[in-house]
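K.L.:
In mature numbering (1 follows the signal peptide of the UniProt record, and there is no 0), the protein residues as written are -25 to -1, 1 to 125.
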């Protein structure tokens, strides 16, 4: 039962983060075929137990980018799908960190987490290339966010 408890904690944190992101501005793109949701948050928001379960590094100077891809079905439903995801986080001096994404597969939910370092009150440009279809060009997503030490 303990693994499920940690899973529910992670889902609760992600729901909280997604809700906070929606309150600011919904962070998703959609083209009628796919819907791609994305956000970034301080890694200290996740509990130590969840970090250990998913082998994630918690730190007040480390953030996570969360990406989820849904295929839009003809009947209006949405199906989580796997994707090739690449990205980087760059500061104002264009010093970039390549993001390595880890797939989190919960059966009925798929999402990818990538981590990066930041300093206090640092504005970063995050660039993502999300490719759910190997035979099509990737979707390019760019956003900026300021990170604070928690």
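Note that the Cβ used here is the ideal one computed from N, Cα and C, for glycine as well.
1) CB residue 62 to CB residue 73, shorter than 9 angstroms?
2) Could you give the distance in angstroms between the alpha-carbon of residue 93 and the alpha-carbon of residue 123?
3) Who are the Cβ neighbours of residue 35 in its own chain at under 8 angstroms, not counting the five residues just before and after it?
4) Report buried or exposed for residue 105, applying the criterion of at least 16 other Cβ atoms within 10 angstroms of its Cβ.
5) For residue -4, does the count of other Cβ atoms within 10 angstroms reach 16, so buried, or fall short, so exposed?
6) Note down the Cα distance separating residue 64 from residue 38, rounded to an integer number of angstroms.
7) Look at residue 91 and residue 85 and say whether their C-beta atoms are less than 9 angstroms apart.
8) Taking buried to mean at least 16 other C-beta atoms within 10 Å of its own C-beta, is residue 67 buried or exposed?
9) At which residue ranges does the segment 27 to 115 contain complete beta strand (DSSP E) runs of 3 or more residues, listed in the order of the chain?
10) Is there a Cβ of chain D sitting closer than 9 angstroms to that of residue 122, yes or no?
11) What does a CB cutoff of less than 6 angstroms around residue 118 pick up in its chain, not counting 5 residues either side in sequence?
P.N.:
Short version:
1) In this structure, residue 62 places its C-beta atom within 9 angstroms of the C-beta atom of residue 73.
2) Taking C-alpha positions only, residue 93 is separated from residue 123 by approximately 8 angstroms.
3) Cβ neighbours of residue 35 beyond the five flanking positions: 17, 19, 124, 125.
4) Note on residue 105: 16 or more other CB atoms within 10 angstroms of its CB, so buried under the neighbour-count rule.
5) Note that residue -4 has pLDDT 40, beneath the 50 cutoff, so the model's placement of it is unreliable and the number below is only indicative. Flag for residue -4 reads exposed.
6) Going by C-alpha positions, residue 64 is about 10 angstroms away from residue 38.
7) Not a contact, by the Cβ cut-off of 9 angstroms.
8) Its Cβ having fewer than 16 others within 10 Å, residue 67 is exposed.
9) Annotation note: the segment 27 to 115 contains the following uninterrupted beta strand (DSSP E) runs of length 3 or greater, listed N- to C-terminal: 37 to 47, 53 to 55, 59 to 65, 71 to 74, 76 to 80, 85 to 92, 97 to 106.
10) Absent from the structure is chain D; it holds one protein chain and no more.
11) Taken in chain order, the residues that qualify are 101.
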